[in-house]
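One structure is given here, and the rest of the page talks about it.
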C-alpha cells in the first residue's frame, strides 16, 4: 500500500496552488472571522476531498481553475460540517489543536459553520458553476438528513444493515461522489463520464466510512489517536456490531443490546462487546464489504486510458481500506 | 396604523396557498426530521418575509408559482437562522412553544438548522432559479458575517454608528432586500425594477431592526413578551445607547461603559441606563432615523402605479416603525 503523500504526488504542485486559491477564497472584511478561518485552515487534514476533485479532473481531461473552484466548494462544506460536528459532540480537539468551540465558544462555532456552509454553496455562484451546485445539492441535504436519521432514538437500536448503509451513504459517500463528479465536470462535457465518476466516488466513500467504523474494533489508540470503542461509548451502532448482533447467539445479542441501551458502558463492557463482534464475524464481514466497494470503484475506472491520475485513484482505493489513520 | 392582518388582506388567499406549498417543500423521508419540521412550522411568526415576496411580486406583475418558490426559499433560510439563534442564545421558548434545542437537544437543533439552510439555498436549484440564488448569496453570507462582527470582543464596546448600521444591515436588512428583489424577479424581467425593490427592502429592513432595537428602551414586557432591557442584559450595544453615549456627559458615559463591560447588570443599573439613553436623545435619534428609512422606502415606490399591493407595502412601512410586536 502506498502512503497518502505518495498518492498525492501526481498533483503535488496543483495541491499547493489549490491551497493558495482556497486561502484567498476565505478572505473577509470581518476581523474575527478572518482570524478564525486562518486558524481553522492552518492545520490541514488528509484533504481527501480536494484530492478527489483534482485527480478526477486530471483523469477526465485537465486540472483547471474550474477544478480549484470545485475543490474549494467541497472543502468549505466539509470544514463547515467538522466545525458543527465539534459543537454537537462537544469535542475539544480537532486535528491536534483546540476546536473552534473550545478555543472560542459554541456561539461563534455555529456561526462560523453557517458562514462556511453558505460560502461553500455560494462560491460556485460567483463562478457561474450551476452544475457544481446541482451536484452538491444532493450531498448537503443528505448529510444532515442522515445524521438526523442516526439520531432518531425510536429506531436507534433497531437499525438494520440497509438503514445503516443509507446513513453512511448520506454521511460520507455522497459528498465524495460529489467531489469526483465535480472534478469530472470541470474537465469534460461528457455526462456519461460525470456519472461514472460520481459512482466511483460513491463506492470509494462507502468503503471509506466502513473502514472508519472498523477502527472502533481493530486499532490501538496509539495508531489513530482515537480510543478503541469510541463509537461504542457514544452508543453508535455501526456495521461490525450490527452484523455480529444479527449472527450472534440470540441470548448474547439481547444482553448486549440491553446494556448499550440502558447503561454507561464500562471498559470491561466494551472489551466484551469487541470480542463478541470479532467472534461473530462483524469485523470480517465489514472488511469484505469495504473490499467489494473498492473492487466496484476500480471496475468503474477500467474504461479510462492509463494515466498517473488513474493509478493514483486506484492507489487511493487501496489506501482507503488499509489505512490506520 | 393598520394592523398586520389588515395589511396582509390583499394577499390573503395567496398566503394560504404559499403555506400549503411550503409544507410540501418540507416533506422528507426521515421520520424524526419530518416531526421536527412540522413542529417548527406549526406556529407561524409574523411571516413578514414571505409577505414581502408576495406583495413585491404583485406590485411588479403577478404572483405566481415562481413567487411561492422564492418565498419558500427565504422562509427556509429565516427559519434556519432562528433555530441556530436559539441554540446560540440557549433560548427555551420560540413563538410561544419550546424551542427545538429545548424540546429535543442542541445536536438536533444544529442539524435541523443546517438542513433548512441547505434546503433554502438549494430549493431554487430544482426550480432552476439561478437568479434567486444570486440574490440570496449576498444575504446569507452577510447574516453570519454581521453576527460575528457584533461578537468581536475586542471591538464590542467601541462600536461606532457606521459599524452598527453595517451590522444591522447584514443581520436583518439584506434578507428583507432579497425578499423584495426575489418577488420582483418572479414577476418582471426589468432589472431596474429588481434593483428598486431591493433598495425598498433594504430601507424597510433597516427601519425594522432599528425599531426592534428600540424595544429595549420603550416598551413594557406585557406588550411584546420580551423584557425591557433584554439586549442590555446581554450587553448588546444598539443605536439608542450608542448615540446617548456619544452625546451624554463624558463622565456618565465612561461610567456606563465600564459597568456594561465588567459587571452583571442589576435591575437598577438597567433602569439607570434606560433613563440615560432617553435623556441624551438615544430614543428620539433612533426613531428619527427609522422614519427616514421608511420615507426613503416610500419614495422608491413612487414610480409604480397605484395598486392594492403598493398600498399594502406603504402600510407595512408604517407598521414597521410603529409596531409594538
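Chains as they are written, first to last, in my numbering: chain A, 989 to 1313; chain B, 989 to 1313. Ideal Cβ positions, reconstructed from N, Cα and C, are used throughout, including at glycine.
- Within the model, the alpha-carbon separation for residue 1184 of chain A versus residue 1041 of chain A is close to 14 Å.
- Residue 1140 of chain B and residue 1019 of chain A have their alpha carbons spaced roughly 8 Å apart.
- Using a Cβ-Cβ cut-off of 8 Å, residue 1020 of chain B counts as an interface residue toward chain A, since at least one Cβ of chain A sits closer than that to its own.
- Rounded to the nearest angstrom, the Cβ distance from residue 1086 of chain B to residue 1006 of chain B is 26 Å, too far for a contact under 8 Å.
- Per DSSP, the beta bridge partners of residue 1085 of chain B are B:1082.
- Selection B:1031, B:1287, B:1100 and B:1083 evaluated against residue 1024 of chain B yields B:1100 as nearest (Cα-Cα).
- Spatial neighbours of residue 1115 of chain B in its own chain (CB-CB distance under 8 Å, excluding positions within 5 residues in sequence) are listed in chain order as 1054 and 1057.
- Under the three-state reduction of DSSP, residue 1199 of chain B is assigned to helix.
- Residue 1062 of chain B is a Cβ neighbour of residue 1037 of chain B, given a cutoff of 8 Å.
- Contacts with chain A at 8 Å (Cβ-Cβ) include residue 1118 of chain B.
- Cβ proximity to chain A below 7 Å picks out 1128, 1129, 1132, 1133, 1135, 1136, 1137, 1139 and 1140 from the segment 1127-1148 of chain B.
- The alpha carbon of residue 1021 of chain B has as its nearest neighbour, out of B:1079, B:992, B:1095 and B:1244, the alpha carbon of B:1095.
- In the assembly as shown, residue 1180 of chain B is an exposed residue. Its beta-carbon has fewer than 16 other beta-carbons within 10 Å.
- For a cut-off of 8 Å, the C-beta gap from residue 1051 of chain A to residue 1303 of chain A is around 18 Å, too long to register as a contact.
- Within the segment 1112-1179 of chain B, the alpha helix (DSSP H) runs of at least 4 residues that lie entirely inside it are, in chain order, 1118-1139, 1141-1144, 1149-1156 and 1162-1175.
- In the three-state scheme derived from DSSP, where H, G and I count as helix and E and B as strand, residue 1270 of chain A is classed as helix.
- Here the alpha carbons of residue 1138 of chain A and residue 1242 of chain A stand approximately 20 Å from one another.
- DSSP places residue 990 of chain A in no alpha helix (DSSP H); its state is neither H nor E.
- Judged by DSSP secondary structure, residue 1237 of chain B falls outside any alpha helix (DSSP H); it is assigned neither H nor E.
- In terms of CA proximity to residue 1235 of chain A, A:1271 leads the group A:1271, A:1202 and A:1223.
- A straight-line Cα-Cα distance of about 15 Å links residue 1281 of chain A and residue 1149 of chain A.
- Contiguous alpha helix (DSSP H) elements confined to the segment 990-1025 of chain B occur at 992-995 and 1000-1013, taking only those with 4 or more residues.
- Three or more Cβ pairs closer than 8 Å define a contact, and the segment 1114-1134 of chain B meets that threshold against the segment 1163-1170 of chain B.
- Counting along the chain, no alpha helix (DSSP H) covers residue 1077 of chain B, and no H or E run does either.
- Judged by their CB atoms, residue 1152 of chain A and residue 1220 of chain A are not nearer to each other than the 8 Å cut-off.
- A:1248 is the residue among A:1248, A:1189 and A:1191 whose C-alpha sits nearest the C-alpha of residue 1217 of chain A.
- Rounded to whole angstroms, the gap between the alpha carbons of residue 1030 of chain A and residue 1299 of chain A is 29 Å.
- Residues of the segment 1052-1080 of chain A with a Cβ closer than 7 Å to any Cβ of chain B, in chain order: 1072, 1075 and 1076.
- In terms of CA proximity to residue 1113 of chain A, B:1125 leads the group B:1108, B:1112, B:1125 and B:1103.
- In this model, residue 1045 of chain B and residue 1206 of chain B are separated by some 35 Å (Cα to Cα).
- If you check the CB distance, residue 1043 of chain B and residue 999 of chain B come in under 8 Å.
- Closest by C-alpha distance to residue 1159 of chain B, out of B:1190, B:1231 and B:1091, is B:1190.
- Assigned with DSSP and collapsed to three states, residue 1093 of chain A falls in coil, not helix or strand.
- Among the CB atoms of chain A, none fall inside 8 Å of the CB of residue 1225 of chain B.
- Put simply, the backbone Cα of residue 1200 of chain B is about 54 Å away from that of residue 1244 of chain A.
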